[in-house]
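These notes are about the structure you will find just below.
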Amino acid sequence: MKRAVYAGSFDPVTNGHLWMIQQAVELFDELIVAIGVNPDKHCTFSAEDRAAMLRETTQQYPNLRVEVFDNQFLVSYAQSVGANYIVRGIRTTSDYEYERAMRYINSDLYPNINTIFLLPPREFAEVSSTMVRGLVGPDGLGKHHSPIRTRPGVPAAAPVGRAPWHPALRGYKATGIMTKWVDVVAGVLLAPNGDFFLSSRPQGKPYAGYWEFPGGKLEAGETPYQALVRELDEELGLTVEEATPWLTQHFHYEHASVRLSFWRVTRWQGQPQAREGQTWAWQPAAGALNVAPVLPANTPVFRALSLPATLALTCAGETGAAAILARIGADPAAFPLVVVREPGWAEADRVQLAHEIRALTAGCGGRVLLAGATTLVAGLDGVHLTAAQLMALDTRPAADWAGASVHRQEELEQAARLGLDYVMLGHVMPTPSHPGVPPLGWSRFAGLAGGRWPMPVYALGGMQPQDMQAAQAHGAHGIAMMRGAWQ
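The opening residue of the sequence shown carries number 1 in the working numbering; numbering runs sequentially from there.
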């Protein structure tokens with residue numbers, strides 16, 4: 001018998017969930033729709049109410065049953081009920097990256113259990129329980145997203161048309177309740193040569209033996225920095241002397257939804273000690289990891305670590321292409337990441353300059369991106385979008401590396417939504433490129449960047465090499481220089 005588990009919080013059930021269920025009951029002999037209960041996660045509806053909603057909306061399927069499971073990994077639950085398959089829905093590229101990593105973890109634990117991915121149609125791709133919780137209510141605002149609703153003037157015990165009603169909805173208002181995030185801080189310890197530090201999770205913790213950046217949950221009243229200092233002392237016996245905010249990642253594990261604040265730690269006192277019985281290892285700045293497996297929430301950070309602190313933007317229209325090529329040719333390793341701009345040039349001329357720079361830096365592992373392009377040009381490493389191009393896109397450009405210039409909160413949000421590899425935020429200082437336009441300054445830059453995003457943020461506008469420390473102290477990955485790069 002082919003038995004599958006489709007699990008979720010179903011808080012509440014949505015039309016997207018019902019589409020998934022409809023597909024799965026046709027694929028498998030038996031489908032178990034499992035409601036996960038996590039005592040650390042706030043839910044609007046009780047497990048009993050959610051189970052009743054699901055039973056009412058799926059009663060037409062004879063090969064389906066609804067169950068509740070408590071605070072255990074989904075794959076362990078699937079094994080306990082004799083399931084051969086786990087069914088997961090993929091709505092976004094970030095869903096896929098996470099689910100793919102979880103599929104490998106699950107197969108490590110139980111090789112006999114396979115994961116089936118289903119992609120819902122477009123009308124359900126943006127529907128989530130988080131969104132619907134803010135719409136389901138007496139006004140029926142969520143009627144296009146969830147089969148569960150009430151409306152004014154209908155007795156509490158009566159169904160609304162063909163849509164099922166449940167007592168849990170009595171008096172429910174549209175509150176926009178969001179996911180309860182568990183705040184976690186992680187320290188990215190960086191050696192002077194760029195190598196970074198990973199430790200394994202000790203026995204007795206979820207995902208024991210998996211590798212991660214050291215850290216832990218914030219305690220009541222703590223700031224992320226205070227938690228970082230405490231955790232690195234408790235776990236490794238290290239005293240933090242210099243650390244700056246860097247990235248924030250959001251991940252949904254089966255036991256919790258975590259908001260991970262990554263800080264770069266560049267100076268500390270002491271030598272690492274395994275105070276919790278964990279193992280640890282330094283990883284090379286370049287090349288593959290020499291430890292495995294790694295917790296999925298940490299994986300995107302490795303890509304960010306491969307980006308240099310300095311990004312160079314060409315201004316050949318001012319300096320001449322020969323001067324830029326000569327500067328790079330004298331020290332190719334000093335230009336690990338170059339974005340070719342030249343907005344006034346013909347595209348063929350810009351592409352030619354990019355290829356000439358690529359030929360000079362390839363031997364040092366340099367990357368060259370073409371600004372103003374939305375598709376990858378053969379022989380180059382990626383694209384760099386203008387803010388207008390960024391806001392016009394629905395999906396990430398099909399390129400190995402993709403970045404963008406941003407100036408506002410909305411553009412940062414769009415870059416995060418598309419999964420870009422980096423952004424340049426500016427302008428921070430006065431610059432000839434924007435005469436008469438007030439600069440952000442470091443305070444406003446920190447308010448917009450401040451280590452709040454999943455992608456690295458470069459400080460842009462009037463940057464010089466001596467601005468690096470100030471930029472990183474205000475949450476930047478590094479600095480993007482135009483004129484300053486070629487002096």
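Note that the Cβ used here is the ideal one computed from N, Cα and C, for glycine as well.
Asked	Found
Give the straight-line distance between the Cα atoms of PRO62 and ALA274, rounded to the nearest whole angstrom.	53 Å
Of all Cβ atoms in chain E, is any one closer than 8 Å to the Cβ of GLU347?	No chain E appears in this structure, which consists of one protein chain only.
Can we say the region 367-381 touches the region 390-400, given the rule of at least three CB pairs closer than 8 Å?	yes
Out of ALA191, ASP183, ARG201, which one is the CA nearest neighbour of ALA220?	ASP183
Give the DSSP-derived three-state secondary structure of GLY317 in the structure shown.	helix
Which word fits GLN59, buried or exposed, when buried means at least 16 other C-beta atoms lie within 10 angstroms of its C-beta?	exposed
Rank LEU260, ARG55, ALA323, VAL75 by C-alpha distance to the C-alpha of VAL5 and give the top, closest one.	VAL75
Measuring only the C-alpha atoms, how far is ALA208 from GLU276?	12 Å
Please list, in chain order, all residues of the same chain as VAL338 whose beta carbon is under 6 Å from its beta carbon, the five residues on each side excluded.	ALA312, ILE357, VAL368
Measure the alpha-carbon distance for TYR110 versus LEU64 and round it to whole angstroms.	23 Å
Could you name the residues that DSSP lists as bridge partners for SER261?	VAL185, THR248
Leaving out five residues on either side along the sequence, give the residues of the same chain with a beta carbon under 8 Å from the beta carbon of THR266.	LEU190, GLU242, ALA243, THR244
Is it right to say GLN469 is buried, meaning 16 or more other beta carbons lie within 10 angstroms of its own, or is it exposed?	exposed
Assuming contact is defined by CB atoms lying nearer than 8 Å, are ALA316 and GLU342 in contact in what I supplied?	yes
Which parts of the region 445-474 are runs of the beta strand (DSSP E), unbroken and 3 residues or longer, counting only runs that do not cross its ends?	457-460
Taking Cβ positions, are PRO336 and LEU360 nearer each other than 8 Å?	no
Counting only runs that start and end within the region 360-424, where is the alpha helix (DSSP H) found for 4 or more residues in a row?	387-392, 409-418
Put THR92 into one of helix, strand or coil per three-state DSSP.	coil
Excluding the 5 residues flanking PRO202 on each side, which residues of the same chain have their C-beta closer than 7 Å to its C-beta?	ALA208, GLU276, GLY277, GLN278
Please identify the residue among VAL25, VAL188, GLY344, ALA47 whose C-alpha is closest to the C-alpha of ILE116.	VAL25
What does DSSP give as the partner residue(s) for GLN283 in the beta ladder?	PHE196
Can you give the Cα-Cα distance for TRP486 and ARG327, rounded to whole angstroms?	7 Å
What span of residues does the alpha helix (DSSP H) with THR299 cover, start to end?	299-305
Return the residue from the list SER94, CYS364, ALA404, LEU393 that minimises the CA-CA distance to ALA382.	Per the sequence shown, residue 382 should be read as Gly rather than Ala. That would be ALA404, whose Cα lies nearest to the Cα of GLY382.
Ignoring anything shorter than 3 residues, give me the beta strand (DSSP E) runs that lie fully in the region 7-62, in order along the chain.	30-37
By a C-beta neighbour count over all protein chains shown, 10 Å radius and 16 as the cutoff for buried, is ALA286 buried or exposed?	exposed
Report all residues from its chain with a CB closer than 8 Å to the CB of MET481; omit the five preceding and five following residues, and keep chain order.	THR310, LEU311, ALA312, LEU313, MET463, GLN464, PRO465
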